[in-house]
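Each residue of the sequence shown is one higher than the one before, starting from 1 at the first, in the UniProt record's numbering.
Just so you know, even glycine gets a beta-carbon here, dropped at the ideal spot from N, CA and C.
Being a predicted model, the structure only gives us computed values, none of them experimental.
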Amino acid sequence: MGCDQLLKYWITTNLALQQVQTLIPNLFSLTYLRNDGAAWSILQGKQLFFMLLTPIVILVLGYLLLKARRQHRIYALGLTFMIAGALGNFIDRLRLGYVVDMFQLDFINFPIFNLADSALTVGVILVFVYLIFFADEKG
């Protein structure tokens, strides 16, 4: 979450809105966008919805994480990534009224995203891996 916020600060202080900074030609760029929706810019303009929903989601994930001590470590790690991602974007919404996005994959038509979005995605994948492969195990 700290890396997410530092990167967002760097982007907002070093790039103009919608400015593209190519890092690896035809592969990867940084582009400063303001996102008032969810991950990958879905549900644009629903800030109040996310301001109300995110704390509830974080509390539920935190509760699950506290109970995860008896579960596989992949499950706890997934929940941790999900909490960090949700908090990273929630901080932006509280502080700025929008979420800062910056990662652009130039080789594919894919929405611009940020580190918190990536953490959420990795967290969901880890929880699915746990549910599919380890849910019946302990520890």
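Contact check, residue i vs residue j under 8 Å by CB: the rounded distance?
i, j, result
"ASN114", "LYS46", "Their Cβ separation, rounded to whole angstroms, is 17 Å, which puts ASN114 and LYS46 out of contact at 8 Å."
"LEU17", "ARG34", "7 Å"
Going by beta carbon distance, what residues of the same chain come within less than 7 Å of residue i, once the five residues before and after it are set aside?
i, result
"GLY85", "ALA116, ASP117, ALA119, LEU120, GLY123"
"LEU94", "none"
"ALA68", "TYR75, ALA76, LEU79"
Which residue's Cα is closest to the Cα of residue i: the options?
i, options, result
"ASP4", "LEU15, VAL100, PHE133", "VAL100"
"PHE133", "ASP106, ASN26, TYR75", "TYR75"
"ILE11", "ILE125, ARG69, ASP92, ALA135", "ASP92"
"LEU131", "ILE58, PHE90, LEU79, GLY37", "LEU79"
"LEU6", "PHE128, LEU59, ILE83, MET102", "MET102"
"PRO25", "ILE108, LEU126, VAL127, LEU96", "ILE108"
"LEU87", "ILE125, LEU59, VAL129", "LEU59"
"LEU27", "LEU64, LEU94, GLN71, GLN104", "GLN104"
What does the alpha-carbon distance come out to for the pair residue i and residue j?
i, j, result
"GLY139", "ILE56", "Unreliable placement is indicated for GLY139, whose pLDDT of 48 sits below 50; the coordinate value is still reported in the next sentence. Computed Cα separation, rounded: 27 Å."
"GLY62", "GLN19", "36 Å"
"ILE14", "ASP106", "At residue 14 the sequence reads Asn, which differs from the Ile that was named. Each residue's alpha carbon lies about 20 Å from the other."
"ALA135", "PHE49", "32 Å"
"ASP36", "TYR98", "5 Å"
"MET1", "LEU30", "19 Å"
"PHE90", "LEU66", "21 Å"
"GLN21", "TYR32", "9 Å"
"VAL127", "MET51", "24 Å"
"PHE81", "ARG70", "18 Å"
"ILE83", "LEU64", "11 Å"
Between which residues of its own chain and residue i is the CB-CB distance below 6 Å, once the five residues before and five after are set aside?
i, result
"GLY96", "Note on identity: in this sequence residue 96 is Leu, with Gly being the wrong assignment. Here the set comprises nothing."
Among residues of its own chain, excluding the 5 on either side of residue i, which ones have a beta-carbon nearer than 8 Å to its beta-carbon?
i, result
"LEU23", "SER29, LEU30"
"ILE125", "GLY78"
My parser needs the alpha helix (DSSP H) runs of 4 or more residues fully inside the stretch 32-77; what are they? 47-67
Length at least 4, wholly inside the stretch 72-113: the alpha helix (DSSP H) runs in chain order: 73-96
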